[in-house]
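Written below as structure tokens is the structure these notes are about.
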Amino acid sequence: PDSDLRNDIQVLMQSFATERVNRGGERMEPLGIRMLAILNLATGSGELRLTSTDPNAQPFLDYRYLREEFDRRRLRDAVRMCVKLGQDERFKDIIEERIEPTDAELASDDALDEFLQREVTTGQHISCTCKMGPASDPMAVVDQYGKVHGLQGLRVVDASIMPNCVRANTNVTTMMIGEHIADFIRQGA
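Sequential numbering from 286 applies to the sequence shown in my numbering.
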């Protein structure tokens with residue numbers, strides 16, 4: 286409600302029929318539905334840093350989820366909206382009870398923030414780590430053809446080259462990046 290950003294929240298509704306463990310390590314019921322609130326256009330950003338010159342070494346990833354109050358507020362609002370949707374009369378025949386967040390976790394912003402920090406994940410599929418842009422941009426890694434600045438014969442062609450993440454699922458956008466750069470390669474660019 287407090288956001289003037291267009292399409293900054295996405296809600297997915299899913300059914301599941303398998304036993305699962307939540308991010309807090311608790312076993313969840315094997316049957317159910319869930320609503321996932323996805324924060325698009327987060328104002329915070331994370332960091333990907335190499336830990337070694339060994340290409341097999343795992344890099345350091347700090348997602349920095351929800352460090353910005355604006356992001357936390359929008360996601361809290363989205364979760365509360367999902368809870369309200371789930372309480373709608375039209376769902377009474379298919380929703381027996383809400384498992385999470387609990388009433389205690391919904392009781393205050395601080396309690397809900399703790400829940401979100403424990404459960405949060407991204408809908409952005411870890412993107413924008415090798416920004417596309419001109420060589421004059423110190424944050425740009427590749428040009429519009431996916432060619433890595435300063436190197437010969439190396440391209441990056443995936444979601445990492447998006448300068449900013451799209452406000453939707455990244456799958457189709459990533460496929461189109463691949464198709465578009467494949468056309469450039471076929472044309473000799």
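Backbone N, C-alpha and C define an ideal beta-carbon position, used for all residues, glycine too.
None of these values were measured; they are calculated from a predicted model.
query: What does a CB cutoff of less than 8 Å around Asp293 pick up in its chain, not counting 5 residues either side in sequence?
result: On the sequence shown, residue 293 is found 8 positions in, with the first residue counted as 1. Excluding residues within five positions, the ones whose Cβ falls inside 8 Å are Leu324, Asn325, Leu326, Arg359, Arg452.
message: My output table needs one value for Gln343: the three-state DSSP class, helix, strand or coil.
response: What you label residue 343 is simply residue 58 of the sequence shown in a count that begins at 1. The answer is coil: DSSP assigns Gln343 none of H, G, I, E or B.
query: Taking buried to mean at least 16 other C-beta atoms within 10 Å of its own C-beta, is Ser393 buried or exposed?
result: Locating residue 393 in the sequence shown gives position 108, where the first residue counts as 1. Exposed, because fewer than 16 other Cβ atoms sit within 10 Å of the Cβ of Ser393.
task: Closer than 7 Å by C-beta to Glu353: which residues in its own chain qualify, once you throw out the five before and the five after it? Chain order, please.
output: The sequence position of residue 353 within the sequence shown is 68, counting from 1. Here the set comprises Thr328, Gly329.
- prompt: DSSP three-state call for Leu333: helix, strand or coil?
  reply: As a working mapping, residue 333 is identified with position 48 in the sequence shown. In this structure, Leu333 counts as strand in the three-state DSSP scheme.
field: Inter-residue spacing [alpha-carbon to alpha-carbon] between Val405 and Gln472
entry: For the purposes of this step, residue 405 is identified with residue 120 of the sequence shown, where counting begins at 1. For the purposes of this step, residue 472 is identified with residue 187 of the sequence shown, where counting begins at 1. Computed Cα separation, rounded: 42 Å.
task: Measure the beta-carbon distance from Ile384 to Ile318 and round it to whole angstroms, keeping in mind my assumption that it falls under 8 Å.
output: Locating residue 384 in the sequence shown gives position 99, counting from the first residue. Locating residue 318 in the sequence shown gives position 33, counting from the first residue. Contact flag wrong, Cβ pair sits at about 10 Å.
- prompt: Per DSSP, Phe301 forms a beta bridge with which residues?
  reply: Here residue 301 refers to the residue found at position 16 of the sequence shown. Paired residues: Gly317.
Span separating the alpha-carbon of Val441 from that of Asp388: The count along the sequence shown starts at 1 and reaches residue 441 at position 156. The count along the sequence shown starts at 1 and reaches residue 388 at position 103. C-alpha separation (whole angstroms): 46 Å.
Residue burial classification, Asp356 (beta-carbon count within 10 angstroms, cutoff 16): Counting from one through the sequence shown, the residue named residue 356 turns up at place 71. By the neighbour-count rule (16 or more Cβ atoms within 10 Å), Asp356 is buried.
- prompt: Does the separation of the CB atoms of His434 and Ala420 fall below 7 Å?
  reply: Start at 1 with the first residue of the sequence shown, and residue 434 comes out as number 149. Start at 1 with the first residue of the sequence shown, and residue 420 comes out as number 135. Result yes, Cβ atoms of His434 and Ala420 sit closer than 7 Å.
- prompt: Mind checking Lys432: buried by the 16 CB within 10 Å criterion, or exposed?
  reply: Position 147 of the sequence shown, counting from 1, holds the residue named residue 432. Buried, by the Cβ-count rule.
- request: Whole angstroms is fine: what's the gap from Pro386's alpha carbon to Leu401's?
  value: Looking up residue 386 in the sequence shown gives position 101. Looking up residue 401 in the sequence shown gives position 116. Looking at the two C-alpha atoms, the distance is approximately 9 Å.
Cutoff 6 Å; reference Pro364; Cβ partners in own chain excluding five residues on either side: Locating residue 364 in the sequence shown gives position 79, counting from the first residue. Note on residue identity: the sequence assigns Val, not Pro, to residue 364. Correct list, in chain order: Ala322.
message: Taking the alpha-carbon of Val296 as reference, which of Ala467, Val368, Gln343, Leu351 has the nearest alpha-carbon?
response: Counting from one through the sequence shown, the residue named residue 296 turns up at place 11. The shortest C-alpha separation from Val296 is found at Val368.
message: Suppose contacts are defined by Cβ-Cβ distances below 7 Å. Is Phe345 in contact with Arg361 by that definition?
response: Stepping through the sequence shown from its first residue, residue 345 is reached at position 60. Stepping through the sequence shown from its first residue, residue 361 is reached at position 76. Contact: no.
task: Would you check whether the ligand GTP has a heavy atom nearer than 6 Å to the C-beta of His410?
output: This structure lacks the ligand GTP; in fact it carries no ligand of any kind.
- request: Can you grab the Cα-Cα spacing for the pair Gln372 / Met298, in whole Å?
  value: As a first step, residue 372 is located in the sequence shown; it is residue number 87 there, counting from the start. As a first step, residue 298 is located in the sequence shown; it is residue number 13 there, counting from the start. Looking at the two C-alpha atoms, the distance is approximately 14 Å.
- prompt: How about Ala474 and Tyr430: do their beta carbons lie closer than 7 Å?
  reply: For the purposes of this step, residue 474 is taken as the residue at position 189 of the sequence shown. For the purposes of this step, residue 430 is taken as the residue at position 145 of the sequence shown. Taking 7 Å as the Cβ cut-off, Ala474 and Tyr430 qualify as a contacting pair.
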